[in-house]
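Taking it in order: structure first as C-alpha cells, then the write-up.
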Amino acid sequence: MLEINEELLAIDDAIEQLVEAILASPQVQDYQAKQVSLMADQDLQDQLAQFQELQASYEDQKEFAKYRPEVSQLRRQILRLKRQIDMTQTMQDFRLAEVILQSLLAEITRQLAESVSSDIFVDTGLPLAPRRHKHGQGRGENIREDAQE
Numbered sequence: 040m041l042e043i044n045e046e047l048l049a050i051d052d053a054i055e056q057l058v059e060a061i062l063a064s065p066q067v068q069d070y071q072a073k074q075v076s077l078m079a080d081q082d083l084q085d086q087l088a089q090f091q092e093l094q095a096s097y098e099d100q101k102e103f104a105k106y107r108p109e110v111s112q113l114r115r116q117i118l119r120l121k122r123q124i125d126m127t128q129t130m131q132d133f134r135l136a137e138v139i140l141q142s143l144l145a146e147i148t149r150q151l152a153e154s155v156s157s158d159i160f161v162d163t164g165l166p167l168a169p170r171r172h173k174h175g176q177g178r179g180e181n182i183r184e185d186a187q188e
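One gets this note's numbering by counting positions in the sequence shown from 1 and adding 39 to each.
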C-alpha cells in the first residue's frame with residue numbers, strides 16, 4: 040500500500056512543475072500552433088474526412104479483395120489520397136512539430152529512467168533512436184546471470 044508522506048507530496052509537486060515547464064516549452068507551443076493550423080485548414084479537413092470514409096469502406100470489404108477488383112481500386116484510391124494529404128505543407132509542418140515534441144518527451148523520459156537506474160530502457164518510438172539488443176530466448180537468455188562456477 041502506498042504511504043502518503045512528505046516525500047510523496049514533494050514528488051507530486053515536482054511532477055506539476057515539470058508538466059508546467061513542458062507546456063511552456065517552445066516545442067509544445069509550436070505543436071499547438073501547428074495543430075490549430077491543421078484544424079483550420081478546411082480543404083485538408085475535407086480530405087481527412089474523405090480518407091476516413093474510404094478507409095472504413097475498405098475495411099468492410101477487404102476480405103473480398105480476391106474476388107472483387109473494385110476493392111483493389113479502392114485501396115489504390117486510399118493510398119493516393121493518403122499521399123496527397125501527407126504532401127500538404129500544413130500536414131508536413133504538423134508532423135515535424137509532432138516529432139520534435141516526441142523527441143523532447145522521449146529525452147525527458149530517458150533522463151528520468153536513467154536517474155533511477157541505467158539498466159532501464161526507454162523505447163522512444165522514434166524511428167532513428169538507438170535501440171538495445173533484444174533479449175535472447177531460452178533458459179537464462181532473457182535475464183542477466185553472473186557466471187559463477
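Just so it is clear, CB atoms sit at the ideal spot from N, CA and C, and this is done for glycine as well. Keep in mind it's a predicted model, so treat the numbers as computed, not measured.
Boundaries of the alpha helix (DSSP H) in which residue i is found, first to last residue
i	result
G96	The amino acid occupying residue 96 in the given sequence is Ser; Gly does not appear at that position. 81-100 is the span of the alpha helix (DSSP H), which, as asked, contains S96.
A53	45-62
E153	128-155
V161	From DSSP, V161 is part of no alpha helix (DSSP H); its letter is neither H nor E.
S121	Per the sequence shown, the amino acid found at residue 121 is Lys instead of Ser. 108-125 is the span of the alpha helix (DSSP H), which, as asked, contains K121.
Residues near residue i by beta carbon distance below 6 Å, same chain, minus five either side
i	result
S157	none
V161	T148, R149, A152
L113	Y97
D132	K73
K69	The amino acid occupying residue 69 in the given sequence is Asp; Lys does not appear at that position. Within the same chain, D69 has close Cβ partners A136.
A53	none
Q84	none
L120	F90
Q187	Only weak support is given to the placement of Q187: the predicted model assigns it a pLDDT of 46, under 50, and the value that follows is read from those uncertain coordinates. Answer for Q187: no residue qualifies.
Counted within 10 angstroms of its Cβ, other Cβ atoms place residue i as buried (16 or more) or exposed
i	result
D185	Confidence at D185 is low in this model, with a pLDDT of 47, below 50, so the placement of that residue is unreliable and no value is reported for it.
Y106	exposed
M78	exposed
M126	exposed
L41	exposed
Q118	According to the sequence displayed, residue 118 carries Leu and not Gln. Answer is exposed; the Cβ neighbour count stays below 16.
L48	exposed
L140	buried
Interface flag, residue i vs chain B, CB-CB below 9 Å
i	result
E55	Protein chain content of the structure displayed is limited to a single chain, and chain B is not contained in it.
7 Å CB neighbourhood of residue i in its chain, flanking five on each side removed
i	result
E55	none
L143	S64, Q66
T129	S76, L77, D80, L83
Proximal residues to residue i (C-beta, below 8 Å), its chain only, five neighbours per side dropped
i	result
Q123	Q86
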